[in-house]
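Comments concern the structure below.
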Amino acid sequence: MTEIPELSKDECQNIASKIFVGITAGTGAAIRQKFGPGAEDEFETMVAQGCAMNLESMGVNTPLNYALHYAAMSKHLFGSDVEVDGGVTSAILNTKMCATLKIAMELGKMGMPVSREDYCRGCITGYHKKVAANIGLKLDATFMENGCKITIRK
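Residue numbers (the working numbering): 183 to 336.
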C-alpha cells in the first residue's frame, strides 16, 4: 500500500478553497455563457433554497447564528480572516480577507473566466441574499479590497 501524505491545515484550506472556487465560479461561468444570466439566476435560486433548508435543519435562523455559521466555515474550511459582532436582531460578518476571493483572482489570472465583480456578486447577490431571504433574514454587503462586510437583520 502507498502511504497517503499528511497535509497541513494551510494546505487543506488552500485545496478546499480551490475546489470550492473551481466548482462555483466554473459552474456559474458555464451557465452564464451557455444559457444566459437568467439561467444562472435560476440555478442560484435553486442552490440557495437547498442551502436554506440545510441551515434551518441545523437551527441557523437568526442573524447571529447565520453570521457565526458562515464565519466558522470561512475561517476553518477556507482560511479567511473573519470577525462577527451582533445580537438578537442583527449581526455583522466582517470578512477582512476572503480566502476564496483570493483564489478566484489567482485562477482568473490563469485563464478561468471570473472577475472580482462576478465572483463577489455571485457570493452576495446570487447566494447569501437568497439564502438569507429563504430563512426570513435580510442581508446587505459592503465590498472592501480583500473581502466584504455583511450585515444580517431579522
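Backbone N, C-alpha and C fix where the C-beta goes; we use that ideal spot for every residue, glycine too.
* Candidates 318, 330, 329 and 332: which alpha carbon is nearest residue 230's? -> Along the sequence shown, one-based indexing puts residue 230 at 48. Taking only the C-alpha atoms, the option nearest residue 230 is 318.
Taking 7 Å as the threshold (beta carbon to beta carbon), is residue 251 in contact with chain C? As a matter of chain content, chain C is missing from the structure shown, which is built from one protein chain.
task: Determine, using beta-carbon pairs with one atom in the stretch 188 to 204 and one in the stretch 259 to 269, whether at least three such pairs fall under 8 Å.
output: These segments touch.
- Measure how close the beta-carbons of residue 328 and residue 292 come, nearest whole angstrom, since I'm counting them as under 8 Å. Residue numbering aside, residue 328 sits at position 146 when the sequence shown is read from its first letter. Residue numbering aside, residue 292 sits at position 110 when the sequence shown is read from its first letter. The Cβ separation is near 19 Å, so there is no contact.
- Task: Measure from the alpha carbon of residue 306 to the alpha carbon of each residue in 286, 331 and 287, then state which is nearest.
- Result: One-based indexing of the sequence shown puts residue 306 at position 124. 331 is the residue among 286, 331 and 287 whose C-alpha sits nearest the C-alpha of residue 306.
From the DSSP output, read off the bridge partner residues of residue 266. Locating residue 266 in the sequence shown gives position 84, where the first residue counts as 1. Answer is 275.
Could you give the C-beta distance for residue 336 and residue 321, rounded to a whole number, given that I count them as a contact under 8 Å? Here residue 336 is taken as the residue at index 154 of the sequence shown, counted from 1. Here residue 321 is taken as the residue at index 139 of the sequence shown, counted from 1. Contact doesn't hold; Cβ gap of about 11 Å is too wide.
Check: What are the boundary residues of the beta strand (DSSP E) that residue 332 is part of?
Finding: The residue given as residue 332 occupies position 150 in the sequence shown. Per DSSP, residue 332 belongs to the beta strand (DSSP E) from 330 to 335.
Based on Cα-Cα distance, which residue from 236, 209, 333 and 234 lies nearest to residue 223?
The sequence position of residue 223 within the sequence shown is 41, counting from 1. When only C-alpha atoms are compared, the closest one is 209.
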